[in-house]
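Peer 1: First to last, the protein sequences are chains A and B.
0 is the number of the first residue of the first sequence in my numbering; add one for each residue after it.
0 is the number of the first residue of the second sequence in my numbering; add one for each residue after it.
For every residue, glycine included, the Cβ atom is placed at its ideal position computed from N, Cα and C.
Number of protein chains: 2
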Amino acid sequence: MLQHKKDADFGEWYLEVVQSSELMDYGPVQGCMILRARSYAVWEKITSFLDARFKADGVQNYYFPLLIPESFLKKESAHFEGFVPEVAWVTQGGNETLGERLALRPTSETIINDSFSRWISSHRDLPLKTNQWCNVIRWDTKTLKPFLRTREFLWQEGHTAHATREEAVAQVGRALGWYKECCEQLLAIPVLAGVKSDSEKFPGAEYTTTIEMLMPDGKALQGGTSHLLGQNFAKIFGIKYKTQDEREEFVWTTSWGVTTRLIGAMVAIHGDDKGLVLPPRVAPVQCVVVPIFYSDEERKMALFNIQNFKAELEARGISVLVDERSDKTPGWKFNDWELKGVPVRIEIGVRDMAQEGVTIVRRDSGVKEFVPNSKIADFVAHLLDDIQIGLFKRAKERLEAGVSEARDTDDLKNLLDERKGFVRAAWCGDARCEEAIKEESGATIRLVPFGDAPKGDCVLCGKPSKATAYFARGY
Amino acid sequence: MLQHKKDADFGEWYLEVVQSSELMDYGPVQGCMILRARSYAVWEKITSFLDARFKADGVQNYYFPLLIPESFLKKESAHFEGFVPEVAWVTQGGNETLGERLALRPTSETIINDSFSRWISSHRDLPLKTNQWCNVIRWDTKTLKPFLRTREFLWQEGHTAHATREEAVAQVGRALGWYKECCEQLLAIPVLAGVKSDSEKFPGAEYTTTIEMLMPDGKALQGGTSHLLGQNFAKIFGIKYKTQDEREEFVWTTSWGVTTRLIGAMVAIHGDDKGLVLPPRVAPVQCVVVPIFYSDEERKMALFNIQNFKAELEARGISVLVDERSDKTPGWKFNDWELKGVPVRIEIGVRDMAQEGVTIVRRDSGVKEFVPNSKIADFVAHLLDDIQIGLFKRAKERLEAGVSEARDTDDLKNLLDERKGFVRAAWCGDARCEEAIKEESGATIRLVPFGDAPKGDCVLCGKPSKATAYFARGY
Numbered sequence: 000m001l002q003h004k005k006d007a008d009f010g011e012w013y014l015e016v017v018q019s020s021e022l023m024d025y026g027p028v029q030g031c032m033i034l035r036a037r038s039y040a041v042w043e044k045i046t047s048f049l050d051a052r053f054k055a056d057g058v059q060n061y062y063f064p065l066l067i068p069e070s071f072l073k074k075e076s077a078h079f080e081g082f083v084p085e086v087a088w089v090t091q092g093g094n095e096t097l098g099e100r101l102a103l104r105p106t107s108e109t110i111i112n113d114s115f116s117r118w119i120s121s122h123r124d125l126p127l128k129t130n131q132w133c134n135v136i137r138w139d140t141k142t143l144k145p146f147l148r149t150r151e152f153l154w155q156e157g158h159t160a161h162a163t164r165e166e167a168v169a170q171v172g173r174a175l176g177w178y179k180e181c182c183e184q185l186l187a188i189p190v191l192a193g194v195k196s197d198s199e200k201f202p203g204a205e206y207t208t209t210i211e212m213l214m215p216d217g218k219a220l221q222g223g224t225s226h227l228l229g230q231n232f233a234k235i236f237g238i239k240y241k242t243q244d245e246r247e248e249f250v251w252t253t254s255w256g257v258t259t260r261l262i263g264a265m266v267a268i269h270g271d272d273k274g275l276v277l278p279p280r281v282a283p284v285q286c287v288v289v290p291i292f293y294s295d296e297e298r299k300m301a302l303f304n305i306q307n308f309k310a311e312l313e314a315r316g317i318s319v320l321v322d323e324r325s326d327k328t329p330g331w332k333f334n335d336w337e338l339k340g341v342p343v344r345i346e347i348g349v350r351d352m353a354q355e356g357v358t359i360v361r362r363d364s365g366v367k368e369f370v371p372n373s374k375i376a377d378f379v380a381h382l383l384d385d386i387q388i389g390l391f392k393r394a395k396e397r398l399e400a401g402v403s404e405a406r407d408t409d410d411l412k413n414l415l416d417e418r419k420g421f422v423r424a425a426w427c428g429d430a431r432c433e434e435a436i437k438e439e440s441g442a443t444i445r446l447v448p449f450g451d452a453p454k455g456d457c458v459l460c461g462k463p464s465k466a467t468a469y470f471a472r473g474y
Numbered sequence: 000m001l002q003h004k005k006d007a008d009f010g011e012w013y014l015e016v017v018q019s020s021e022l023m024d025y026g027p028v029q030g031c032m033i034l035r036a037r038s039y040a041v042w043e044k045i046t047s048f049l050d051a052r053f054k055a056d057g058v059q060n061y062y063f064p065l066l067i068p069e070s071f072l073k074k075e076s077a078h079f080e081g082f083v084p085e086v087a088w089v090t091q092g093g094n095e096t097l098g099e100r101l102a103l104r105p106t107s108e109t110i111i112n113d114s115f116s117r118w119i120s121s122h123r124d125l126p127l128k129t130n131q132w133c134n135v136i137r138w139d140t141k142t143l144k145p146f147l148r149t150r151e152f153l154w155q156e157g158h159t160a161h162a163t164r165e166e167a168v169a170q171v172g173r174a175l176g177w178y179k180e181c182c183e184q185l186l187a188i189p190v191l192a193g194v195k196s197d198s199e200k201f202p203g204a205e206y207t208t209t210i211e212m213l214m215p216d217g218k219a220l221q222g223g224t225s226h227l228l229g230q231n232f233a234k235i236f237g238i239k240y241k242t243q244d245e246r247e248e249f250v251w252t253t254s255w256g257v258t259t260r261l262i263g264a265m266v267a268i269h270g271d272d273k274g275l276v277l278p279p280r281v282a283p284v285q286c287v288v289v290p291i292f293y294s295d296e297e298r299k300m301a302l303f304n305i306q307n308f309k310a311e312l313e314a315r316g317i318s319v320l321v322d323e324r325s326d327k328t329p330g331w332k333f334n335d336w337e338l339k340g341v342p343v344r345i346e347i348g349v350r351d352m353a354q355e356g357v358t359i360v361r362r363d364s365g366v367k368e369f370v371p372n373s374k375i376a377d378f379v380a381h382l383l384d385d386i387q388i389g390l391f392k393r394a395k396e397r398l399e400a401g402v403s404e405a406r407d408t409d410d411l412k413n414l415l416d417e418r419k420g421f422v423r424a425a426w427c428g429d430a431r432c433e434e435a436i437k438e439e440s441g442a443t444i445r446l447v448p449f450g451d452a453p454k455g456d457c458v459l460c461g462k463p464s465k466a467t468a469y470f471a472r473g474y
């Protein structure tokens with residue numbers, strides 16, 4: 000049983016649940032955590048889901064070097080200034096001191112766009128769509144939290160080059176769409192999607208699109224971003240192509256990424272006071288079976304019965320684990336698998352067997368039901384779908400309830416302080432208004448929704464608004 | 000067409016072929032190469048092949064931090080001394096100078112065995128089998144070569160802990176078996192398998208097993224290693240477990256890895272003067288189709304015909320690419336796909352169509368054959384198998400021809416100088432004899448074969464031999 004309650008002390012609850020459920024452990028270097036098998040398996044589900052979509056779109060996987068020379072990183076000045084406070088530097092190789100210090104990649108725009116300049120010369124080389132699955136390092140000085148803010152994390156970074164701005168814009172949109180699908184369909188996390196304000200965009204981008212999530216403490220979490228880099232990097236790295244009529248043009252590039260942070264969001268959004276609640280589609284074990292017996296004969300009978308329905312469940316692609324441990328009580332096992340978030344538990348004891356059935360318990364609601372042997376497979380398959388859909392539905396209700404609307408500045412401040420979550424408000428588009436509220440409340444503009452039709456006057460300065468902005472305090 | 004010939008100048012040929020076939024490109028930091036889509040796709044085939052075997056054996060994937068504190072690395076002294084000349088160090092994070100320098104992992108025994116000490120307490124926690132797919136950095140000062148010797152490379156490292164020495168020994172053997180299978184079945188590379196001499200074993204291991212390959216220039220290449228670490232790391236990191244009868248014991252650990260070097264070996268062993276020759280089982284494109292036409296009508300007819308057999312090939316799981324480029328001649332395309340190593344080429348021109356068939360060319364031998372439309376799918380499926388088997392068979396003949404036997408010291412030296420390859424010779428087991436021949440010829444003992452029954456006297460000192468050693472110069 001967890002010591003902390005989610006509602007009473009979300010921060011401590013989160014730290015307790017990620018470690019005690021064996022998702023992660025701390026390593027010797029601050030901010031550099033260990034992903035244990037239980038979380039890495041979730042990451043594998045995320046990578047498969049996204050990788051299939053990337054490949055269907057013609058994106059190919061590459062691997063670019065971890066180490067980037069300082070001079071390279073400096074070529075794009077906004078980019079360099081944005082990242083340099085967070086760069087870890089290699090200064091020694093073996094026994095020699097290096098002539099130039101080397102950055103551990105915080106992101107790979109510079110090295111990848113440099114490569115593009117060698118690989119692209121004709122319109123026939125376009126579009127060029129690359130991705131890499133790798134580790135990145137950002138020497139963050141904000142409060143570190145497993146999965147949510149770490150100095151090393153795993154991610155994918157897609158980088159593409161296109162002949163026209165339109166194609167690049169479409170690619171930016173497709174990538175954000177994949178992230179939204181991944182969150183909604185796989186992780187059962189609802190998101191808000193839109194565009195970042197200029198002050199919050201990726202250093203070096205023309206614009207940044209984002210998906211934002213609502214965390215249980217009322218703060219916003221950025222779940223993934225997709226950037227139009229425009230011709231900015233193309234001009235700096237000289238990425239030109241010959242058009243069909245032999246003119247020389249700069250390409251248009253994009254970049255987009257999601258990280259292992261998604262695992263932390265999933266834990267925070269679905270977990271409860273008993274521990275993790277894993278959405279069935281990412282749960283490495285979807286169904287755990289706990290036999291209950293008081294004699295060796297009963298044990299044998301239970302295991303015999305289990306073999307029958309286990310094969311049926313597996314034939315449907317459901318992953319099943321039978322907990323045969325002899326040194327633990329059934330009650331201990333129930334708690335353990337609840338802590339670890341397994342979506343469905345099947346209990347089978349003498350009474351169940353006498354009635355030719357089992358007791359099935361769902362992790363999300365704790366509801367128990369007796370199910371006859373002949374219906375187990377159907378029942379579990381349906382239950383897994385139902386849990387997946389239910390988790391998403393409840394999270395979506397919380398997200399919708401977490402968005403309020405401000406009519407004026409006081410309203411905005413009060414709502415941010417008292418209701419928390421996202422506060423929607425008319426905004427003139429001026430960075431000074433954004434800065435003013437940030438200084439007062441710590442909240443920033445998380446996004447301007449796609450297809451926004453502004454109405455009313457800016458809640459901060461009273462000038463006519465250009466957009467509806469979503470304000471929130473963030474991770 | 001390549002400028003260098005494989006037989007005349009293997010070193011230059013290799014450098015030319017890996018770059019011009021678009022397997023790799025050089026990055027801005029020496030020794031840190033870019034894996035382009037064509038080689039990363041081969042790596043994905045290798046990872047799938049091995050990952051399935053790991054998982055079937057109960058090995059689970061984890062991710063451990065890249066950065067390892069110097070004090071950690073120092074805990075095992077042989078290990079530290081073995082790796083410290085090759086370690087790249089992070090000394091700055093953001094704007095602060097770090098209190099202790101951090102190693103970029105050259106390998107992860109220290110950080111993983113330290114974690115084991117927290118995760119293992121009972122015999123019920125054993126065996127614990129972990130693996131990670133990641134990048135590693137070794138600041139090598141020997142001659143760098145793409146894939147074969149780079150400062151950053153991708154690999155997997157398996158780390159396991161067991162209750163008994165026997166179980167650990169068996170795990171070491173299983174891992175080496177997977178590597179051998181991967182080389183032979185997937186990459187069509189024959190290997191020699193055996194044990195390293197003490198002076199060549201992994202720093203900190205009780206013993207190291209290895210698979211060794213023969214490169215076209217007569218040098219040996221280490222293809223993968225699997226180590227019994229014994230209780231060495233367990234004692235240093237305090238990894239103890241309670242036995243069933245409540246005694247405290249140290250665990251037995253193993254580690255094992257293969258790297259992207261395998262891609263370089265595949266290029267070197269199978270390639271020819273026209274470029275790459277990819278074994279069908281790892282070729283991202285197994286069959287390329289080149290339509291030959293002189294009018295738009297012919298073009299349409301060819302593409303119409305192609306649609307029919309393309310679907311048939313794909314239904315059998317064969318990956319097909321139709322080269323419809325309009326700015327290249329058929330001859331240019333033939334050369335291009337030969338350079339890139341696609342196993343099978345289908346040419347379809349007016350004459351072929353008149354006879355209701357296609358011309359099929361195999362990459363390995365260049366042999367052409369006319370095949371009627373009704374038989375294309377069968378023919379190509381069979382051809383891919385035949386090429387896969389043929390590549391392995393020919394490489395195995397070369398490996399066998401590359402092993403000679405020395406009766407005395409002069410013989411050993413002469414064979415190493417003139418015949419090159421592996422020279423088998425009786426060895427007393429003394430490191431001084433090994434050192435003596437290394438100084439004179441540059442050759443080391445690459446392995447002692449499994450199940451070796453020594454016979455005769457040491458070719459170096461004349462004392463009774465303890466083993467048959469395979470000597471060779473290495474990469």
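Verify the CB distance criterion: does A:THR90 have a CB-CB separation below 7 Å to chain B?
Peer 2: yes
Peer 1: Please name the residue, chosen from A:MET300, A:GLU296 and A:ASP271, that lies closest to A:LEU1 on a Cα-to-Cα basis.
Peer 2: A:ASP271
Peer 1: Is it true that the CB of A:VAL289 sits closer than 7 Å to the CB of A:PRO342?
Peer 2: In this structure, A:VAL289 does not lie closer than 7 Å to A:PRO342 by Cβ.
Peer 1: Enumerate in chain order the residues of its own chain whose CB-to-CB distance from B:ILE119 is below 8 Å, with the five nearest sequence positions on each side excluded.
Peer 2: LEU125, LEU127, ALA160, ILE238, LYS239, TYR240 and VAL250
Peer 1: So what's A:ALA310 in DSSP terms, helix, strand or just coil?
Peer 2: Residue state, collapsed to three classes: helix.
Peer 1: Tell me whether B:ARG37 is buried or exposed, calling it buried when 16 or more other Cβ atoms sit within 10 Å of its Cβ.
Peer 2: buried
Peer 1: Contact criterion: CB-CB distance below 7 Å. Does A:VAL28 meet it with respect to chain B?
Peer 2: Yes, contact with chain B.
Peer 1: For A:GLN59, go through chain B and note every residue whose CB falls closer than 7 Å to its CB, in chain order.
Peer 2: ALA36
Peer 1: Given B:CYS432, which residues of its chain have a CB within under 7 Å of its CB, disregarding the five upstream and five downstream residues?
Peer 2: Taking C-beta separations shorter than 7 Å and ignoring five residues to either side along the sequence, the partners of B:CYS432 in its chain run TRP426, CYS457, LEU459 and CYS460, following chain order.
Peer 1: Check whether the Cβ atoms of B:PRO105 and B:PHE82 sit closer than 7 Å, and answer yes or no.
Peer 2: yes
Peer 1: For the ligand MG, is there any heavy atom lying closer than 6 Å to the beta carbon of B:THR142?
Peer 2: With respect to the ligand MG, the structure shown offers nothing to examine, as it has no ligands at all.
Peer 1: Checking contacts by CB at 7 Å: is A:TRP177 closer than that to chain B?
Peer 2: It does not: the Cβ of A:TRP177 has no partner Cβ on chain B nearer than 7 Å.
Peer 1: Contact criterion: CB-CB distance below 7 Å. Does B:ASN130 meet it with respect to chain A?
Peer 2: no
Peer 1: Between which residues of its own chain and A:GLU478 is the CB-CB distance below 6 Å, once the five residues before and five after are set aside?
Peer 2: Residue 478 of chain A cannot be examined here, being either before or after the span of chain A that is shown, 0 to 474.
Peer 1: Counting only Cβ-Cβ distances shorter than 9 Å, please list the residues of the segment 70-91 of chain B near chain A, keeping chain order.
Peer 2: Going along the segment 70-91 of chain B in chain order, one finds SER70, PHE71, VAL83, PRO84, GLU85, VAL86, ALA87, TRP88, VAL89, THR90 and GLN91 with a Cβ nearer than 9 Å to chain A.
Peer 1: Give me the residue from A:PHE421, A:GLU297, A:LYS374 and A:ASP384 with the minimum Cα distance to A:LEU280.
Peer 2: Per the sequence shown, residue 280 of chain A should be read as Arg rather than Leu. Ranking the options by Cα distance to A:ARG280, first place goes to A:ASP384.
Peer 1: Starting from the beta carbon of A:CYS31, find every residue of chain B whose beta carbon is closer than 8 Å, and list them in chain order.
Peer 2: PRO64, LEU65 and LEU66
Peer 1: Quick one: what's got a C-beta closer than 6 Å to A:GLY262's C-beta in the same chain, skipping five residues either side?
Peer 2: Residue identity differs from the one stated: residue 262 of chain A is Ile in this sequence, not Gly. In the same chain as A:ILE262, and ignoring 5 residues on each side of it, the C-beta atoms closer than 6 Å to its own belong to SER38, VAL41 and PHE146, in chain order.
Peer 1: Pull up the distance between the alpha-carbon of A:ASP407 and that of A:GLY428, whole angstroms please.
Peer 2: 16 Å
Peer 1: In chain order, which continuous runs of the alpha helix (DSSP H) of length 4 or greater are located wholly inside the segment 49-74 of chain B?
Peer 2: The DSSP assignment places 69-72 as complete runs of the alpha helix (DSSP H) inside the segment 49-74 of chain B, in order along the chain (cut-off: 4 residues).
Peer 1: Measure the CB-CB distance between A:ALA192 and A:LYS179 and report whether it falls below 7 Å.
Peer 2: Against a cut-off of 7 Å, the Cβ pair of A:LYS179 and A:ALA192 comes out as a contact.
Peer 1: Under the three-state reduction of DSSP, which class applies to A:TYR178: helix, strand or coil?
Peer 2: Look at A:TYR178 here: in three-state DSSP terms it is helix.
Peer 1: Please confirm whether B:PRO278 and B:ALA394 have their CB atoms less than 7 Å apart.
Peer 2: no
Peer 1: Considering only residues of the segment 256-285 of chain A, which uninterrupted beta strand (DSSP E) runs meet the minimum length of 3 residues and lie entirely inside it, listed in chain order?
Peer 2: Entirely contained in the segment 256-285 of chain A, not one beta strand (DSSP E) run reaches 3 residues.
Peer 1: Which chain A residues are close to B:TRP426, counting only those with a beta carbon under 7 Å from its beta carbon?
Peer 2: Ordered by position in chain A, no residue passes the 7 Å Cβ test against B:TRP426, which lies about 32 Å from the chain.
Peer 1: Can you name the residues of chain B whose CB is closer than 9 Å to the CB of A:TYR39?
Peer 2: GLN59, ASN60, TYR61, TYR62 and GLN131
Peer 1: Could you tell me whether any Cβ in chain B is nearer than 7 Å to the Cβ of A:GLU247?
Peer 2: no
Peer 1: Which residues in the same chain as A:GLU80 place their Cβ atom closer than 8 Å to its Cβ, once the five residues preceding and following it in sequence are excluded?
Peer 2: Residues of the same chain with a CB within less than 8 Å of the CB of A:GLU80, apart from the 5 flanking positions on each side, are PRO202 in chain order.
Peer 1: For A:ASP113, count the other beta carbons within 10 Å of its own beta carbon; 16 or more makes it buried, fewer makes it exposed. Which is it?
Peer 2: buried
Peer 1: Report buried or exposed for A:ALA468, applying the criterion of at least 16 other Cβ atoms within 10 angstroms of its Cβ.
Peer 2: buried
Peer 1: Roughly how many angstroms separate the alpha carbons of B:HIS3 and B:GLY274, rounded to a whole number?
Peer 2: 10 Å
Peer 1: Are A:ARG405 and A:LEU414 closer than 7 Å when you measure CB to CB?
Peer 2: Note on identity: in this sequence residue 405 of chain A is Ala, with Arg being the wrong assignment. Yes, these two residues count as a Cβ contact at 7 Å.
Peer 1: Quick one: is A:GLU313 near chain B, going by C-beta distance under 7 Å?
Peer 2: no
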